[in-house]
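S.K.: Going left to right, the sequence shown walks through residues 7 to 328 as the working numbering numbers them.
Structure incoming, see below.
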Amino acid sequence: MDRIDNPTIKRLAREVGFDLCGVTLPGTPPEATDRYWRWLDRGYHGEMSYLANDPARRCDPTRLMPEVRSVIVLGLNYYQANSDGPPPGGHGRVSRYARGRDYHKVIERLAKQLVERITVATERTEAAFKWFVDYGPLLERAYAAKAGLGFIGKNSVLINRTYGSWLFLAEILTSLEIEPDDGTAVDHGDCAECTLCIDSCPTGAIVAEKTIDSTKCLSYLTVERPGEIGDESASRMGSNVFGCDICQEVCPLNCKAIATVHGDLLPEAGVGEFVDARRVVSMSTREQFLELTAGTPLTRPKLEGLRRCAEIVLENEGRDRD
């Protein structure tokens with residue numbers, strides 16, 4: 007059959023392990039496309055040049071799959087509570103999303119299983135599928151909102167009424183025709199009157215609603231930026247050695263977050279909540295670096311980038327002690 011019903015897609019997604027699933031039609035919302043072009047024009051992508059390469063491709067799924075008829079959007083909860091109190095001496099805090107195994111591989115495995123189950127359910131082995139995590143050229147939060155998974159908050163992240171904003175997103179483009187969900191029915195809660203995320207950002211990176219200047223964002227500076235971090239930004243990093251969760255931690259819609267049940271995303275599966283900054287600073291070889299980070303998101307900044315952040319954490323700790 008050419009079609010598969012929406013409830014069946016959601017059931018299969020839950021069976022393989024996804025926490026959320028929605029379906030929408032191809033076609034990026036015009037307001038999301040306009041916002042993305044303005045974001046690039048203002049240089050807010052910093053040194054992430056790949057985001058500016060053929061930006062029109064990110065706004066048109068048919069450029070990725072000409073025969074696409076439906077977009078399946080998936081969410082995976084990664085929330086885990088922080089330890090009580092400050093980090094132990096000489097340690098830097100790792101953002102929640104990076105404490106376990108590399109989520110790209112976790113999601114790719116689940117997406118492959120879902121595609122296999124859909125293929126069996128539809129008996130259409132010739133149906134086309136392409137799946138993406140956040141490295142794919144797709145404006146994923148816009149599609150997640152359009153598919154009814156939540157709404158985009160002032161800090162530009164997707165917020166779901168059950169899981170808050172602690173979600174990994176993934177998309178499956180398919181040639182199958184699936185009844186879409188209605189994203190316009192999503193409850194935005196009290197976000198319209200709240201500015202806690204904007205007010206709490208230590209570097210003022212949230213320059214407007216749904217607009218992040220990446221060149222100021224601690225997540226960008228600690229993970230993506232290859233060069234040095236300026237003194238002012240470095241002093242505001244505190245103990246954050248990789249990523250930053252502040253704008254999500256202060257969000258009232260995250261106050262009842264649900265702990266993830268996905269073992270691969272838990273601290274014991276990867277580097278954990280903290281890394282020994284002194285150990286990182288002392289590393290001199292790629293082998294030492296991979297002994298700590300292999301199979302986790304912390305490989306992203308390479309040894310030089312992680313060591314740079316560890317040095318800043320130690321400097322900040324010494325400054326606070328003085």
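The C-beta atom is built at its ideal place from N, Cα and C for all residues, glycine as well.
Just so you know, these numbers come straight off a predicted model, no measurement behind them.
1) Are there 16 or more other CB atoms within 10 angstroms of the CB of Asp237, so buried, or fewer, so exposed?
2) Answer with buried or exposed for Pro67, where buried requires no fewer than 16 other C-beta atoms within 10 angstroms of its C-beta.
3) So, using beta-carbon positions, are Lys160 and Cys200 closer together than 9 Å?
4) Please determine, among Gly154, Arg105 and Leu202, the residue with the shortest C-alpha to C-alpha distance to Arg249.
5) What's the gap between the Cα of Ile165 and the Cα of Lys118?
6) Please list, in chain order, all residues of the same chain as Thr14 whose beta carbon is under 7 Å from its beta carbon, the five residues on each side excluded.
7) To test your reading of the DSSP string, which unbroken beta strand (DSSP E) runs of 3 or more residues are found completely within the stretch 70-94?
8) For Arg306 and Ile212, what's the separation of their Cα atoms in angstroms?
9) Counting C-beta neighbours from all protein chains within 10 Å, is the total for Tyr84 16 or more, i.e. buried, or is it exposed?
10) Since Arg99 sits in a beta bridge, which residues does DSSP pair it with?
11) Could you give the distance in angstroms between the alpha-carbon of Asp60 and the alpha-carbon of Gly49?
12) Would you call Thr291 buried or exposed, if buried means 16 or more other Cβ atoms sit within 10 Å of its Cβ?
13) For Tyr141, collect the residues of the same chain with a Cβ closer than 8 Å to its Cβ; drop the 5 residues on either side in sequence, then sort them by chain order.
14) Pull up the CB-CB distance for Gln254 and Ser171, whole angstroms please, since I reckon it's below 8 Å.
15) What did DSSP end up calling Asn260 once you bin it into helix, strand or coil?
16) Alpha carbon to alpha carbon, what distance is there between Pro143 and Met71?
17) Give the range of the beta strand (DSSP E) segment to which Trp172 is assigned.
18) So Tyr42 and Leu145 are in contact, right, with Cβ under 8 Å, and what is the actual spacing, rounded?
19) I want to know whether the stretch 149-160 touches the stretch 14-30 - three or more CB-CB distances under 8 Å.
20) Glu21 and Arg123: beta carbons closer than 9 Å?
21) Using 8 Å as the threshold, is the stretch 223-234 in touch with the stretch 296-315, meaning 3 or more CB pairs across them?
22) Might you give, ordered along the chain, the residues of its own chain that have their beta carbon closer than 6 Å to the beta carbon of Cys65, omitting 5 neighbours on each side?
23) Who are the Cβ neighbours of Leu57 in its own chain at under 6 Å, not counting the five residues just before and after it?
M.R.: Working from what's here:
1) exposed
2) buried
3) yes
4) Before going on, a small fix: residue 249 reads as Gly here, not Arg. Nearest option by C-alpha distance: Arg105.
5) 25 Å
6) Ala127
7) 76-83
8) Taking the straight line joining both Cα atoms gives about 23 Å.
9) By the neighbour-count rule (16 or more Cβ atoms within 10 Å), Tyr84 is buried.
10) Asn246 and Phe280
11) In a straight line, the C-alpha of Asp60 is about 15 Å away from that of Gly49.
12) exposed
13) His110
14) 5 Å
15) helix
16) 12 Å
17) From DSSP, Trp172 is part of no beta strand (DSSP E); its letter is neither H nor E.
18) Their Cβ separation, rounded to whole angstroms, is 6 Å, which keeps Tyr42 and Leu145 in contact under 8 Å.
19) yes
20) yes
21) yes
22) Thr34 and Thr39
23) Excluding its 5 nearest sequence neighbours in each direction, Leu57 has C-beta neighbours in its own chain below 6 Å: His51, listed in chain order.
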